[in-house]
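Have a look at the structure below, then the notes.
Residue numbers (this note's numbering): 106 to 188.
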């Protein structure tokens, strides 16, 4: 429910994937017993141009298997119908 119907995810290198494909991959990962046990996000910048917002942030997640990653994200959000 948190992802808009037109959500697209691109993780670098590979082609972008549509919402259903992305959520199916997350479900497979989750069903295998994986869990994020700690999440921290540090904003870098937010730029708003009309109905578009571009946010950049650094995300660190730690997982129940003892692994962790730190990744830089850029998210683009578009206002639709005033939301």
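Beta carbons are placed, not taken as given, at the ideal position from N, Cα and C, and that holds for glycine. Remember, it's a predicted structure, so these values are computed and weren't measured experimentally.
Query                                                                                                             : Result
Throw me the rounded Cβ distance for the residue 161 and residue 145 pair, which I believe falls under 8 Å.       : In fact, because the Cβ distance is near 15 Å, the residues do not count as touching under 8 Å.
So residue 174 and residue 141 are in contact, right, with Cβ under 8 Å, and what is the actual spacing, rounded? : Wrong, their Cβ atoms sit about 10 Å apart, outside the cutoff.
I'd like to confirm the pairing. Which residues does DSSP put opposite residue 174 in its beta bridges?           : 166
Between 121, 188, 148 and 117, which lies nearest to residue 155 when the distance is taken from Cα to Cα?        : 188
Just curious, the beta strand (DSSP E) that residue 152 is in, first and last residue?                            : 141–154
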